[in-house]
Amino acid sequence: MVRPEDIKQYIEQGLPCEHLEVEGDGHHFQALIVSREFAGKSRVQRHQRVYAALGSRMREEIHALSMRTLTPEEWKGQ
Amino acid sequence: MSVQDVIKSQVTSHPVVLYMKGTPQFPQCGFSASAVQVLKACGVNNFFSVNVLENPDIRQGIKEFSDWPTIPQLYVNGEFIGGADIMREMYQSGELQKLLQGVTAG
């Protein structure tokens with residue numbers, strides 16, 4: 000079974016993050032992803048960037064990943 | 000017609016299209032259920048929905064169409080808007096209501 004720390008590692012390997020939290024029960028996961036790379040990108044482009052980092056794992060291992068994607072500035076402004 | 004052509008035709012011939020698991024009456028997945036709820040909360044009760052569980056070719060094809068690996072997927076006036084998370088965020092910020100204003104007929 001995929002663990003939240005596995006997903007965290009997968010994302011970190013493919014995307015430089017200022018802050019990253021992943022929670023989940025092995026089936027459904029929630030991630031808070033803060034990265035400078037999101038600046039100037041739409042929500043769709045940000046999620047696509049994370050999906051690209053996860054690659055084929057998104058199709059094979061991870062069935063339900065809910066995410067919030069923020070730039071460091073947006074995250075501080077919360 | 001190829002699967003990509005079928006999808007292109009669906010999203011351009013209906014103002015609001017939701018690719019989902021199950022039907023609006025009986026969603027088969029929590030994310031799809033959430034997407035339907037958000038549309039209804041925006042006052043959109045009459046939208047074109049495609050049950051990907053009954054259409055395996057579309058289920059695969061839609062992921063390539065939008066370069067997006069998950070279902071549900073919302074399209075408004077032919078444009079890919081996002082999945083369940085983005086729909087909820089846009090609803091909470093009021094952006095989705097604004098986007099859907101005026102395109103909800105039919």
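Protein chains in written order, with numbering that gives the first Met the number 0: chain A, 0 to 77; chain B, 0 to 105. All C-beta atoms, glycine included, are put in the ideal place defined by N, C-alpha and C. Note that the structure is a prediction, hence the values are computed from the model and not measured.
Taking only the alpha-carbon atoms, compute the straight-line gap between residue i and residue j and give it to the nearest angstrom.
i	j	result
GLY105(B)	TYR74(B)	With a pLDDT of 44 at GLY105(B), under the threshold of 50, the modelled position of that residue is not reliable, and no figure is offered here.
MET146(A)	VAL43(A)	No statement about residue 146(A) is possible, as the shown extent of chain A runs from 0 to 77 and does not include it.
ALA83(B)	GLN100(B)	19 Å
ILE57(B)	GLU20(A)	33 Å
TRP64(B)	GLY76(A)	What sits at residue 64(B) in the sequence shown is Phe, not Trp. Whole-angstrom Cα-Cα distance: 34 Å.
LYS97(B)	CYS41(B)	9 Å
MET57(A)	VAL43(B)	30 Å
CYS16(A)	ALA38(A)	12 Å
PRO23(B)	VAL35(B)	6 Å
CYS151(B)	TYR9(A)	Nothing about residue 151(B) can be reported from this structure: the residues present for chain B run from 0 to 105 only.
ILE6(A)	GLN12(A)	10 Å
PHE28(A)	VAL5(B)	32 Å
PRO71(B)	LEU17(B)	7 Å
HIS26(A)	HIS62(A)	7 Å
For residue i, which residues does DSSP report across the bridge?
i	result
GLY81(B)	LEU73(B)
LEU17(B)	SER48(B), LEU73(B)
HIS18(A)	VAL33(A)
PRO26(B)	GLY21(B)
GLY23(A)	PHE28(A)
Tell me the residue span of the alpha helix (DSSP H) that contains residue i.
i	result
ARG58(A)	56 to 59
ASP56(B)	55 to 65
GLY13(A)	3 to 13
VAL5(B)	2 to 12
GLN96(B)	94 to 99
Which residues bound the beta strand (DSSP E) around residue i?
i	result
GLN29(A)	27 to 33
ALA38(A)	No beta strand (DSSP E) holds ALA38(A); DSSP gives it neither H nor E.
ARG67(A)	63 to 69
For residue i versus residue j, is the C-beta spacing smaller than 9 Å?
i	j	result
SER146(B)	MET19(B)	Within the shown structure, residues of chain B are numbered from 0 to 105, placing residue 146(B) beyond reach of any answer.
LEU38(B)	PHE25(B)	no
VAL33(A)	HIS18(A)	yes
PRO14(B)	ASN76(B)	yes
GLY81(B)	ASN50(B)	no
For chain E, find out if any of its Cβ atoms is closer than 9 Å to the Cβ of residue i; answer yes or no.
i	result
ARG58(A)	Given the protein chain composition of this structure (A and B), no chain E is represented.
Inter-stretch contact at 8 Å, needing at least 3 Cβ pairs: the stretch 6 to 14 of chain B / the stretch 42 to 56 of chain A: no
The stretch 80 to 99 of chain B in contact with the stretch 56 to 75 of chain A per 3-pair CB rule at 8 Å: yes
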